[in-house]
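Notes follow the structure.
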Amino acid sequence: MSVPARKASMPAPSPRRAPAPARAPARTPSAPPVPRPAPSRRRRPAFHPGFLFFSTALITVLVTGVVMLNVLLAQQAFQVRTLRGNVTDLRAKGVELTDRVATLSAPGRIQTWANAHGMVTPPDVFVLPVPGSTGGGHP
Amino acid sequence: MRRPPGTRLVILLVTFVVAFGGITVRLGFLQLRDQRAYAAQGLAQRVHTITLPAARGMIVDRDGVPLAITVQARDIYADPRYVVDPSATADAIAPLLKVRPRTLIPGLTHGGSFAYLARQVDVGVAAKIEALSLPGIVATQVPKREYPAGDLASQTLGFRNMDGQGYGLEEQYQSLLAGRSGQERVELSPGGQLIPEGVQVVNAPVAGSTLVTTIDRQIQFQAQQYLQQAVRDNHAKGGTIIVMDPRTGDIYAIANYPTFDPNAFATADPDTFLNRALTDMFEPGSVNKIITAAAGLEVGGVSMSQRFSVPWERTIGTFTIHDSHVHPVEQMTLGDIITESSNIGASEVADRVGKTGLATYLARFGFGRTTGLGFPAEAAGQVPATPDWTDTSLSTISYGQGISVTPMQMASVYATVANGGTLIQPRLVLGTRDPGGVFHAAPASPTRAVTTRTTADELTQMLSSVVSGGTGMNAQIPGYQVAGKTGTALIPNPAGGYYKNAYVASFIGFLPASAPRVVVAAIIDRPTTVYGGVAAAPLFQQVARYAIHRLGIAPSSPVQLPPSAFHP
Chain A
353 MSVPARKASM PAPSPRRAPA PARAPARTPS APPVPRPAPS RRRRPAFHPG FLFFSTALIT
413 VLVTGVVMLN VLLAQQAFQV RTLRGNVTDL RAKGVELTDR VATLSAPGRI QTWANAHGMV
473 TPPDVFVLPV PGSTGGGHP
Chain B
839 MRRPPGTRLV ILLVTFVVAF GGITVRLGFL QLRDQRAYAA QGLAQRVHTI TLPAARGMIV
899 DRDGVPLAIT VQARDIYADP RYVVDPSATA DAIAPLLKVR PRTLIPGLTH GGSFAYLARQ
959 VDVGVAAKIE ALSLPGIVAT QVPKREYPAG DLASQTLGFR NMDGQGYGLE EQYQSLLAGR
1019 SGQERVELSP GGQLIPEGVQ VVNAPVAGST LVTTIDRQIQ FQAQQYLQQA VRDNHAKGGT
1079 IIVMDPRTGD IYAIANYPTF DPNAFATADP DTFLNRALTD MFEPGSVNKI ITAAAGLEVG
1139 GVSMSQRFSV PWERTIGTFT IHDSHVHPVE QMTLGDIITE SSNIGASEVA DRVGKTGLAT
1199 YLARFGFGRT TGLGFPAEAA GQVPATPDWT DTSLSTISYG QGISVTPMQM ASVYATVANG
1259 GTLIQPRLVL GTRDPGGVFH AAPASPTRAV TTRTTADELT QMLSSVVSGG TGMNAQIPGY
1319 QVAGKTGTAL IPNPAGGYYK NAYVASFIGF LPASAPRVVV AAIIDRPTTV YGGVAAAPLF
1379 QQVARYAIHR LGIAPSSPVQ LPPSAFHP
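Quick mapping for you: the protein sequence lines, in order, are chains A and B.
Quick note on my numbering: the first sequence kicks off at 353 and runs consecutively.
Quick note on my numbering: the second sequence kicks off at 839 and runs consecutively.
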């Protein structure tokens, strides 16, 4: 509120509008130098240091957070891909093992192995009818 | 004269305005007008679509043991542009691929950029080749169909070759086994690395379902073993065995000989690919007499105690038919006719039945149409239409000559008798197991009444008599009452008439006679031993014995034997 009053009473030259030193004396050679008025009040800084600190910290935290989130997402994407690959590999391994079990338990392979080790097929299976039972049948 | 600074500034300003104006206009074109096209172009360069093949479903036996399974394999190919030393490369790879080095040289030296060196190689072998780090040699991942038990049930399982031509269940259930392939869209850098947060769309493949068959791996194996031995012992051309459950229609085994290993179908004889139990027809011979007997009992007015006067031969028009051996005119009951397998007796029964009656019963037992299995290339058999029957057709068809059936159709006839006169459609598939592991049972096989239970019981009595004291005594199994029938059929010559001294010997039966659990059809093509009772009945006996053991079949009370004129 005091600024307009000062402008009205004393139009002090602004530092930005200071005339070039070479020309000023030519126009008003006898004019006495106008004393710079002392500021009536101390000028407030553009930003409060606390605000600056807080803003910087906030921006740093935000940028770091975004970067970290990005890195995290990237890492997870790689991990997911790796895990998918592992699942696929394990599935393939499971199928391979199932195939191996089926191959090893195949009757033909067992017979060949058994014959090679001197085993023979068992004699005929005999059915012993229980006396008094309805079974037995005809020969 | 110096130009005033203001003018220069204006020129500079105009220059900059023009330049920036041009850039702005260009930017406008790029960012507004062409934006979508360039964005799409850029994306297309980065985004790659990868096809994700669906895992083919397994084919398993009734206990869940894999009979066909898809595993990972590798194709080995060469890019000859990068092969430094073809000779050394061939020498290094050949021992691993078990081929001669010179067979690889053409692929390593031809002018192109791609040549297969080996396909569907085991992963372990491919890893050894990759470890050699040979320039220009690449291994790619491919699926490979494996049949862990080799030639076990190979003609039933079938296979599909790389041209998509298929056989057996692999072909019949192709759409179910194949599943549906998926796609993955990923964004890759120019170096091929995945861009982690780029486009990544996965349309997952749907794996094929597992086909659960009715096949019993152990019975199938033993049937194949016994059949192979029987064909060799009888110096035969081939043979077929069918083992099935008459109560459900489940087929435990279908064995054909010669056979092949589907793991190496490329080098096998294509003649062995067909499942002859379903695709080949034969004239059934005397095993067909059971249908004549059924028709005689149901529509011919024939009773079990009725006696027929049976000579050893009979002339119909200009054609003479006869029994297998000379005998005086004998009094025979229907049971005797079946027990002794008399052709003349069967023709006399057929006379009572008539053309229409016999044709009706042939059709009711399923002749002239496929069994309903839906098996690829399954034959329907050939039964001439009644108006086309000649004077002798009624007689010859009564003992199984002049019509053609598949072994499966004939086995189904005996399964029908064993099941009390109700035909149950044979089946090879118990159900499917989806990729989530949930089992979906196949619907129960359709049934239809063919004969009355009384007729079926009387037929069973006659068939029991065949084994206990007739032509099928070699099928006897101590402790069990077996019911069955022998058949010895002439083989038709495509040029007309029949081959001389070439027969199909068969024995089809079931056990225990009073509570049948298993039907076995044993058929041998052109045995030197000729007769079904000699060549096929022992084979039936071997397979049936094993089935008893495998299925845990207990003996049951015997059925009464039919009235006989020989043993009043």
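C-beta: ideal position from N, C-alpha, C; glycine also.
Figure out for me which residue from the options has the closest Cα to the Cα of residue i.
{"i": "B/M903", "options": "B/I1053, B/A911, B/Q910", "result": "Per the sequence shown, the amino acid found at residue 903 of chain B is Val instead of Met. Of B/I1053, B/A911, B/Q910, the residue nearest in Cα terms is B/I1053."}
{"i": "B/S1303", "options": "B/V1397, B/A1385, B/N1339", "result": "B/V1397"}
{"i": "B/T1293", "options": "B/F1098, B/Y1064, B/V1140", "result": "B/V1140"}
{"i": "B/P1273", "options": "B/G1335, B/G860, B/S1147, B/A1016", "result": "B/A1016"}
{"i": "B/P1316", "options": "B/Q1380, B/F867, B/G860, B/Q1169", "result": "B/Q1380"}
{"i": "B/S1185", "options": "B/R1207, B/D917, B/D1161", "result": "B/D1161"}
{"i": "B/M896", "options": "B/V909, B/V1251, B/R1145, B/L890", "result": "B/V909"}
{"i": "B/F1348", "options": "B/Q1314, B/P1330, B/G1370, B/F1277", "result": "B/Q1314"}
{"i": "B/P924", "options": "B/R957, B/L935, B/P973, B/I1089", "result": "B/P973"}
{"i": "B/T978", "options": "B/Y1369, B/G988, B/A911", "result": "B/A911"}
{"i": "B/S1019", "options": "B/L890, B/G1259, B/S1047, B/L1328", "result": "B/L890"}
{"i": "B/G959", "options": "B/D913, B/M1248, B/R1023, B/A987", "result": "The residue asked about is misnamed: residue 959 of chain B is Val in this sequence, not Gly. Residue B/D913 is the option with its Cα nearest to B/V959."}
{"i": "B/P1096", "options": "B/Q993, B/A1218, B/N1041", "result": "B/Q993"}
{"i": "B/A1223", "options": "B/G1238, B/G1210, B/L1200", "result": "B/L1200"}
{"i": "B/L1282", "options": "B/A1340, B/A1343, B/G1210", "result": "Sequence check: residue 1282 of chain B is Ala here, not Leu. Ranking B/A1340, B/A1343, B/G1210 by Cα distance to B/A1282 puts B/G1210 first."}
{"i": "B/G1046", "options": "B/E1025, B/E1008, B/Q1021, B/V1039", "result": "B/E1008"}
{"i": "B/A1061", "options": "B/D1295, B/N1312, B/G1173, B/A1360", "result": "B/A1360"}
{"i": "B/T1078", "options": "B/L1399, B/R1364, B/L1328", "result": "B/R1364"}
{"i": "B/R1190", "options": "B/T1324, B/P1214, B/Q1144", "result": "B/Q1144"}
Within 10 angstroms of the Cβ of residue i, are there 16 or more other Cβ atoms? Answer buried if so, exposed if not.
{"i": "B/A1373", "result": "buried"}
{"i": "B/P1354", "result": "buried"}
{"i": "B/S1407", "result": "There is no way to answer for residue 1407 of chain B, as the model of chain B reaches only from 839 to 1406."}
{"i": "B/E1151", "result": "exposed"}
{"i": "B/D1083", "result": "buried"}
{"i": "A/A378", "result": "Per-residue confidence for A/A378 stands at a pLDDT of 46, beneath the threshold of 50, marking its modelled position as unreliable; the derived number appears in the next sentence. A/A378 is exposed by the Cβ-count criterion."}
{"i": "A/G311", "result": "Nothing can be reported for residue 311 of chain A, as the shown portion of chain A is limited to 353 through 491."}
{"i": "B/Y920", "result": "exposed"}
{"i": "A/P475", "result": "exposed"}
{"i": "B/I1235", "result": "buried"}
{"i": "B/Q869", "result": "exposed"}
{"i": "B/A1091", "result": "buried"}
{"i": "B/K1127", "result": "buried"}
{"i": "B/R894", "result": "buried"}
{"i": "B/Y1011", "result": "buried"}
{"i": "B/G1219", "result": "buried"}
{"i": "B/N1094", "result": "buried"}
{"i": "A/A357", "result": "With a pLDDT of only 42 at A/A357, under the threshold of 50, the placement of this residue in the model should not be trusted, and no figure is reported."}
{"i": "B/T1130", "result": "buried"}
{"i": "B/Y1384", "result": "buried"}
{"i": "A/A376", "result": "Only weak support exists for where A/A376 lies, its pLDDT of 45 falling under 50; the value from the coordinates is given anyway. So A/A376 ends up on the exposed side."}
{"i": "B/Q1239", "result": "buried"}
Please report the Cβ distance between residue i and residue j, rounded to the nearest whole angstrom; I am assuming they are in contact, meaning their Cβ atoms lie under 8 Å.
{"i": "A/D451", "j": "B/I1241", "result": "In fact, because the Cβ distance is near 44 Å, the residues do not count as touching under 8 Å."}
{"i": "B/F1378", "j": "B/G1322", "result": "7 Å"}
{"i": "B/G1006", "j": "B/N1113", "result": "6 Å"}
{"i": "B/P1394", "j": "B/S1352", "result": "The residue asked about is misnamed: residue 1394 of chain B is Ser in this sequence, not Pro. The pair is a contact, with the Cβ atoms about 5 Å apart (cut-off 8 Å)."}
{"i": "B/V1081", "j": "B/R900", "result": "With a Cβ gap of about 12 Å, B/V1081 and B/R900 do not count as contacting."}
{"i": "B/P1350", "j": "B/Q1299", "result": "The Cβ separation is near 14 Å, so there is no contact."}
{"i": "B/G1123", "j": "B/L1172", "result": "With 8 Å as the limit, B/G1123 and B/L1172 do not qualify as a contact, their Cβ atoms being about 18 Å apart."}
Does any residue of chain D have a CB that is nearer than 9 Å to the CB of residue i?
{"i": "B/L1015", "result": "The displayed structure is made up of protein chains A and B, and chain D is not among them."}
When you check each C-beta in the region 1053-1071 of chain B against every C-beta of chain A, which residues fall closer than 7 Å? R1055, Q1056, F1059
Against chain A, which members of the region 964-992 of chain B pass a CB distance test of less than 8 Å? E984, P986, A987, G988, D989, L990
Can we say the region 1263-1271 of chain B touches the region 1223-1236 of chain B, given the rule of at least three CB pairs closer than 8 Å? no
Residues of the region 907-927 of chain B in Cβ contact with chain A at a cutoff of 9 Å, in chain order, please. Taking 9 Å as the Cβ-Cβ cut-off against chain A, the residues of the region 907-927 of chain B that qualify are I907, T908, V909, Q910.
Count the C-beta pairs between the region 865-873 of chain B and the region 945-959 of chain B that are closer than 8 Å, then say yes if the count reaches three, no if not. no
Interface positions of the region 442-456 of chain A facing chain B (Cβ-Cβ less than 7 Å), listed along the chain: Residues passing the 7 Å Cβ filter: A444, V447, E448, T450, D451, A454, T455.
Inspect the CB distances between the region 420-431 of chain A and the region 877-894 of chain B and report whether three or more fall short of 8 Å. As far as the Cβ criterion goes, the region 420-431 of chain A does not touch the region 877-894 of chain B, which means the pair count is below three.
Three-pair Cβ contact test at 8 Å for the region 1069-1086 of chain B versus the region 961-968 of chain B: no
Pairing CB atoms from the region 1240-1256 of chain B with CB atoms from the region 1105-1117 of chain B, are three or more of them under 8 Å? yes
Count Cβ pairs between the region 1205-1215 of chain B and the region 1169-1180 of chain B that sit closer than 8 Å; are there 3 or more? no
Name the residues in the region 874-903 of chain B whose C-beta lies less than 7 Å from a C-beta of chain A; which are they? V903
Given 8 Å as the limit, is there contact between the region 1188-1198 of chain B and the region 1155-1172 of chain B, that is, 3 or more CB pairs closer than that? no
Using Cβ-Cβ distances below 7 Å, what residues of the region 458-472 of chain A are close to chain B? A458, P459, G460
Tell me, please, whether the region 984-995 of chain B touches the region 451-468 of chain A by the rule of three or more beta-carbon pairs shorter than 8 Å. yes
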